[in-house]
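Student:
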Amino acid sequence: SHLEPVAAPDSRGQTADAMPTARAVHLQPLSMESTCVTIAKGQQRLREVLAGTCNTVDGKPWKGGAYALQQCMKRDFETHLCNGLVRFSAGEGQVEKAERWMNRLDHNRGLEPEIRTFNSLLQAILAKGDFEKADEWFEKPHQTALYPELGPLRPTATSYDIMIRASAKADDLVRAEKYLYEPLELGFRPHRESFLEVIRMLLR
Numbered sequence: 011s012h013l014e015p016v017a018a019p020d021s022r023g024q025t026a027d028a029m030p031t032a033r034a035v036h037l038q039p040l041s042m043e044s045t046c047v048t049i050a051k052g053q054q055r056l057r058e059v060l061a062g063t064c065n066t067v068d069g070k071p072w073k074g075g076a077y078a079l080q081q082c083m084k085r086d087f088e089t090h091l092c093n094g095l096v097r098f099s100a101g102e103g104q105v106e107k108a109e110r111w112m113n114r115l116d117h118n119r120g121l122e123p124e125i126r127t128f129n130s131l132l133q134a135i136l137a138k139g140d141f142e143k144a145d146e147w148f149e150k151p152h153q154t155a156l157y158p159e160l161g162p163l164r165p166t167a168t169s170y171d172i173m174i175r176a177s178a179k180a181d182d183l184v185r186a187e188k189y190l191y192e193p194l195e196l197g198f199r200p201h202r203e204s205f206l207e208v209i210r211m212l213l214r
């Protein structure tokens, strides 16, 4: 006779045909009015989160992930904006404006000054022939107690090259030698062109 296949029992000894089925859960549909109110509340909450004005249940400002992200994005934008405006103003020869934007950068507020921004400011000041002001700005990063807003910013080999070449072109031997030997004491060498500029000065 023909035998019908039998379903294999499961771990509890029941066959697949005897397995219980999930019962459907009937949800009561929301009214149109309730739906609109819920959406409106959600949209308002989202606006408050993004604006950083929402509060917790106890009335205190909420410092959640979205708020922190919003604050981080705001700092990044302001950092790039200020650094960019310093470089743009310096490139246009507007030293006072470049200095104002440079002074808005503050390591303690998360607005980090960039080294290329610092170098652009030096170049703009030197282009005006104001070597004393360039010296002052060059020393500021080393005076951390007086200028903590500059944070870990320090002059690089490029910074020294800028000062050496400008000093040599102005026939300022004392200043050129100062910026030529100082990096050697710090363990790095100025660019070859900086040495050549000093040699040209001595041969004039």
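The sequence shown begins at 11 in our numbering and counts up by one. Glycine included, every Cβ here is placed at the ideal spot set by N, Cα and C.
(1) Just to confirm, is the Cβ distance from E146 to D116 under 8 Å?
(2) Quick check: the Cα distance between F205 and I174, rounded to an integer number of angstroms?
(3) Could you tell me the distance, in whole angstroms, from the CA atom of V184 to the CA atom of H90?
(4) Just mark C92 as buried or exposed, buried being the case when its beta carbon has 16 or more other beta carbons within 10 Å.
(5) Expressed to the nearest angstrom, what Euclidean distance is found between the alpha-carbon atoms of L213 and V96?
(6) Do G103 and S130 come within 8 Å of each other at the CB atom, strictly closer than that value?
(7) What residue does the alpha helix (DSSP H) around N113 start on, and which one ends it?
(8) Within 10 angstroms of the Cβ of I172, are there 16 or more other Cβ atoms? Answer buried if so, exposed if not.
(9) Are the beta-carbon atoms of Y157 and P200 separated by less than 8 Å?
(10) Check L136 in the structure and name its three-state DSSP category.
(11) Cα separation between T166 and I125?
(12) Give the secondary structure of L121 by DSSP, where H, G and I count as helix, E and B as strand, and everything else as coil.
Tutor: Based on what the coordinates show:
(1) No, the Cβ-Cβ distance between E146 and D116 is not below 8 Å.
(2) F205 and I174: Cα-Cα distance of roughly 8 Å.
(3) Roughly 37 Å between the two C-alpha positions.
(4) With 16 or more Cβ atoms within 10 Å of its Cβ, C92 is classed as buried.
(5) Roughly 36 Å between the two C-alpha positions.
(6) For S130 and G103, no; Cβs fall outside 8 Å.
(7) Under the DSSP assignment, N113 falls in the alpha helix (DSSP H) whose first and last residues are V105 to R114.
(8) With 16 or more other Cβ atoms within 10 Å, it is buried.
(9) The Cβ atoms of Y157 and P200 lie no closer than 8 Å to each other.
(10) When DSSP states are grouped into helix, strand and coil, L136 belongs to the helix group.
(11) Answer to the nearest angstrom: the Cα atoms are 8 Å apart.
(12) The answer is strand: DSSP assigns L121 an E or B state.
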